[in-house]
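Asker: This is the structure, below, for whatever I ask next.
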Amino acid sequence: MKRVLPFLCGFMLAPAAAHAVEAPQKGGTLRILVSSAVGTLDPQISYVGLTKFFETPVYDTLLTYPKFAGTGAQPVIPNLAVNVPLPEDNGLTYRLTLRNGIHFSNGQLLTLADVVASFRRIFAAGSPTAGPYYSAIKGADACLKDPAHCTLAEGIETDVATNTITFHLSRPDPEFLEHLAWFHASILPANTPAHDMGNTAPPGTGPYQITDYNPTTHMRFERNPYFHEWSHNAQPAGFPDHMEVTFGLEPESAVTAVENDQADLMYENVPLDRLGEVGSKYADQVHIFTPLLYYYATLNVNEPPFTSFKVRQALNYAVNRHAMVIYDGGSAVASPQCQLLPEGTPGYERFCAYTAGASPQNPAPEWVKPDMEKARQLVQESGTKGMRVTIVTPSGGKSDNTALELRSVLENLGYKASVHSISPAVHFTFVQNSDNHVQISIGGWNADYPSAASFLDTLFACSNFHPHSDNSPNMSGFCDPHIDDMMHHAAQLTLTDRAASNAMWAQADKALMAQAPAVPLVQTKRVVLVSKRTRNVIITLNDEILLSQLQVP
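Under mature numbering (1 follows the signal peptide of the UniProt record, and there is no 0), the letters of the sequence shown match residues -20 to -1, 1 to 533, in that order.
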């Protein structure tokens, strides 16, 4: 790691120099490397970032997140609909008008019937966000109980004469517009089967279509011959004529291939041991951005010793976040995380309650260094010194280093600590289930879209703790009705006053950190390497590379 850091200093001073583009370069074949396949191609089923990355230029939603925008941009804009609706009936009704003249890649004209069928299919096909994102639609409860007979007859109304769709909600959903923009709400032809399409990509309305897919080897995109650009900011026309994806090359080999112009883009982050080389020799081909992602340790408030908030606070004081930054590649690509909202999230206000000289009542502006004296005092007061603590972590990569560092910290606090590494394939479900009695676990969380609720409510609301279940995102088991009320109020304010909503989310962040149900560790950046010939790398407000806008000869 020490060999990497000197290079990273230069890396930080001259990062991601964007190529000047004198004229748009249309045509060519964009070559992309990915270590493993995306899994199912079904846009309403897949819940991995790689699928969204590839399918953003293939499928469209009624609303979408802006593709070209500054930080002051609206959170969602019109896409297949011509308007962003204002809430009516106290947030229970939303009316949108569908655009005319849009065709799917099979030549079929987009109609209101496709919209209704697509929302029914979210439930019938078992989309993972059917409950969390769309259960406020009238009739959704029945659809969740009996997906095969889902109609949403009360919830979605259409008017062919005016080409409008009206959504009726059973309760206000402050983020309903963001949910309409989420890619699980992609509009598909009405005759799309109501089951996971697997390796077959349904027709979409975007500028590209997936024409060939073998999950063990490759994927190919061609232009959608029926596409025309209706909104540059919503779904811009693409530059490459073809996009070819190769699966199976490990990141180390992918870096070499891109450096040698044998490929144009690698999806995975540049490996830590190659950052120095890339930063010193290929800085103008590197693009760095900060997604809404951070890594943290979950503390199970129902398992000793973390039933004591003093112990939870002690670990927050004791952890060396500088070490965590080093494990993630240094300060050029990572920063200490001392709160539960990452930078860039609505409601984010930088503070640190757990650093030398700070407290939840008097937080510092940022993390400086551990306070072991305070941490040991809290452990002593808790009466838990000497207990056994097992850290559960996904095996491989930086997680192992993080777990070993936490083990050392716990031992220094007087605990008998050990590390239990399990396969990443089962780690997430394992640590969610309270039957496994996980005391502390390591993981990361990435928001679907910029939303404080995606972090605070999802991970710490009482309603998101489901005992004895593999589907319990509140892995800490934390529940505080007062903080729940704060989060509910913040969410409701979104409908009328976003500034007040953001201020309330910031208060909720501080209130949660005072109870310390988790130990935030580090917020990381994406380090993306492109070939020398690749131009026009656009990073969207939603923290993605805009695949369709990459230009190659």
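Even glycine gets a Cβ: it sits at the ideal position worked out from N, Cα and C.
Quantities reported herein were computed from a predicted structural model and do not represent experimental measurements.
1. Give the range of the beta strand (DSSP E) segment to which R387 is assigned.
2. How about R506 and F269: do their beta carbons lie closer than 8 angstroms?
3. Where in the region 340 to 383 do unbroken runs of the beta strand (DSSP E), each at least 3 residues long, occur, reported from the N-terminal end onward?
4. If distances are taken between C-alpha atoms only, which option among K47, V532, S431, L386 comes closest to Y395?
5. Can you tell me the Cβ-Cβ gap for T41 and N59, rounded? I've got them flagged as a contact below 8 angstroms.
6. Report the CB separation of P183 from F34 in whole angstroms; it is logged as a contact under 8 angstroms.
7. Excluding sequence positions up to five away, which residues of its chain have a Cβ less than 6 angstroms from the Cβ of V1?
8. With distance defined between alpha-carbon atoms, name the residue in I371, H469, G106, T476 nearest to A128.
9. When we look at the beta-carbon of K32 and count the other beta-carbons within 10 Å, is it buried (16 or more) or exposed?
10. Reducing DSSP to helix, strand and coil, say where G29 ends up.
11. How many Å lie between N282 and S456 at the Cα?
12. Based on the DSSP output, what are the partners of Q503 in its beta bridges?
13. Is H448 helix, strand or coil by DSSP?
14. Consult DSSP for W485 and reduce its assignment to one of helix, strand or coil.
15. Out of P271, L245, A217, Y27, which one is the CA nearest neighbour of E524?
16. Just to check my reading of the structure: P205 and S528 have Cβ atoms closer than 8 angstroms, yes? What is that Cβ distance to the nearest angstrom?
17. Go ahead and label A432 buried or exposed: buried means 16 or more other beta carbons lie within 10 angstroms of its beta carbon, across all protein chains shown.
18. State the start and end residues of the unbroken alpha helix (DSSP H) segment that holds Q189.
19. Kindly indicate which residue of C130, E232, A93, H148 has the alpha-carbon position closest to the one of I167.
20. Is the beta carbon of F331 sitting closer than 8 angstroms to the one on P345?
21. From L492, T409, P195, G81, pick the residue whose C-alpha is nearest to that of C442; which is it?
22. Report all residues from its chain with a CB closer than 6 angstroms to the CB of T226; omit the five preceding and five following residues, and keep chain order.
23. Which residues does DSSP list as the beta-bridge partners of K396?
24. Is it the case that the Cβ atoms of A294 and L358 are separated by a distance below 8 angstroms?
25. Could you pull the start and end residues of the beta strand (DSSP E) that M223 belongs to?
26. I need the boundaries of the alpha helix (DSSP H) containing T236, first residue and last residue.
27. Go through the region 252 to 308 residue by residue and report every complete run of the beta strand (DSSP E) that reaches 3 residues or more, in order.
28. Determine the direct distance from the alpha carbon of Y45 to that of Y429, and round the result to whole angstroms.
29. Using the DSSP secondary-structure output, state which residues sit across from P152 in a beta bridge.
30. If you drop the 5 nearest sequence neighbours on each side, which residues of the same chain put their C-beta closer than 6 angstroms to that of residue 534?
31. What does a CB cutoff of less than 7 angstroms around P533 pick up in its chain, not counting 5 residues either side in sequence?
Answerer: With the structure as the only source:
1. Segment 378 to 392 is the alpha helix (DSSP H) holding R387; no beta strand (DSSP E) there.
2. Contact: yes.
3. Complete beta strand (DSSP E) runs here, min 3: 368 to 374.
4. For Y395, the closest alpha carbon among the candidates K47, V532, S431, L386 is that of L386.
5. Distance from T41 to N59 at the Cβ level is roughly 6 angstroms; contact confirmed, criterion being Cβ atoms closer than 8 angstroms.
6. Actually they are not in contact, since the Cβ atoms of P183 and F34 sit about 16 angstroms apart, beyond 8 angstroms.
7. Low local confidence applies: a pLDDT of 44 at V1 is under 50, so the model's placement there is unreliable, with the coordinate-based value given in what follows. Contacts found: R515, N516.
8. Sorting I371, H469, G106, T476 by C-alpha distance to the C-alpha of A128 places G106 at the top.
9. That one is buried.
10. Helix at G29.
11. C-alpha separation (whole angstroms): 8 angstroms.
12. Paired residues: Y274, S315.
13. Look at H448 here: in three-state DSSP terms it is coil, with no helix or strand label.
14. It is helical.
15. Selection P271, L245, A217, Y27 evaluated against E524 yields P271 as nearest (Cα-Cα).
16. Not quite, the Cβ-Cβ distance comes to about 15 angstroms (not below 8 angstroms), so this is no contact.
17. Buried is the call here.
18. Counting along the chain, Q189 sits inside no alpha helix (DSSP H); it lies in the beta strand (DSSP E) bounded by residues 188 to 194.
19. Scanning C130, E232, A93, H148 for the CA closest to the CA of I167 turns up A93.
20. Cβ atoms of F331 and P345: closer than 8 angstroms.
21. Ranking the options by Cα distance to C442, first place goes to L492.
22. In its chain, beyond the 5 residues on either side, L13, H198 have a beta carbon closer than 6 angstroms to the beta carbon of T226.
23. In the DSSP assignment, K396 is bridged to R368.
24. Taking 8 angstroms as the Cβ cut-off, A294 and L358 qualify as a contacting pair.
25. Per DSSP, M223 belongs to the beta strand (DSSP E) from 222 to 227.
26. Residues 231 to 239.
27. Runs of the beta strand (DSSP E) inside the region 252 to 308: 266 to 269, 273 to 279.
28. Here the alpha carbon of Y429 sits roughly 8 angstroms from the alpha carbon of Y45.
29. None; P152 has no bridge partner.
30. As displayed, the chain neither begins before -20 nor continues past 533, which places residue 534 out of reach and without an answer.
31. Within the same chain, Q5, G8, R513 come within 7 angstroms of P533 by CB-CB distance, once the 5 residues on both sides are set aside.
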